[in-house]
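Novice: So that we are looking at the same thing, I have put the structure below in structure tokens.
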Amino acid sequence: MFTMVGTQLFGIRLAALAMSVPMLLVAYGVAFADSLTQRAIRRSGKGRESGGLYHRAKYLQIGTIAFFIADTLLTPASLDTRWFWIPVSLAVAILERLQWTYCKKYL
Numbered sequence: 149m150f151t152m153v154g155t156q157l158f159g160i161r162l163a164a165l166a167m168s169v170p171m172l173l174v175a176y177g178v179a180f181a182d183s184l185t186q187r188a189i190r191r192s193g194k195g196r197e198s199g200g201l202y203h204r205a206k207y208l209q210i211g212t213i214a215f216f217i218a219d220t221l222l223t224p225a226s227l228d229t230r231w232f233w234i235p236v237s238l239a240v241a242i243l244e245r246l247q248w249t250y251c252k253k254y255l
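Below, the structure written as structure tokens:
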């Protein structure tokens with residue numbers, strides 16, 4: 149009985165998580181386009197290049213997504229994924245913008 153309810157709850161949360169992926173992809177795409185513009189401005193003006201910022205933002209972005217996926221699927225409380233994933237999408241977009249703005253390599 150408890151296994152069946154737990155499996156259903158996990159499936160519902162997994163479906164809600166899958167429905168929040170397009171919002172994450174849109175935020176990622178907008179931040180990527182903006183960061184490439186900022187990168188072009190920085191490179192033309194001989195601005196600061198920082199491989200450290202690039203790598204920190206990349207790893208923090210992966211960690212943030214993994215943490216919130218695990219938190220969404222494993223939290224024993226009821227939560228609304230719409231209000232949960234909006235701040236996560238914004239945080240990932242900010243980290244992604246920071247990552248690609250300071251990328252030193254050619255794309």
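First residue of the sequence shown? That's 149 in my numbering, and the numbers climb one at a time after it.
Cβ coordinates follow ideal geometry from the N, Cα and C atoms, glycine included.
All figures in this text were calculated on a predicted structure; none of them were measured in a lab.
Counting along the chain, where does the alpha helix (DSSP H) carrying Glu197 start and finish?
Specialist: It is not in any alpha helix (DSSP H) - Glu197 carries neither H nor E in the DSSP assignment.
Novice: What did DSSP end up calling Pro227 once you bin it into helix, strand or coil?
Specialist: The amino acid occupying residue 227 in the given sequence is Leu; Pro does not appear at that position. Leu227 falls in the coil class under three-state DSSP.
Novice: Can you tell which of Thr249, Tyr176 and Leu162 has its C-alpha closest to the C-alpha of Pro235?
Specialist: Per the C-alpha coordinates, the member of Thr249, Tyr176 and Leu162 positioned closest to Pro235 is Tyr176.
Novice: May I ask you to report which of helix, strand or coil DSSP gives Tyr207?
Specialist: Here Tyr207 sits in helix by DSSP.
Novice: Kindly indicate which three-state DSSP category Ser237 falls into: helix, strand or coil?
Specialist: In this structure, Ser237 counts as helix in the three-state DSSP scheme.
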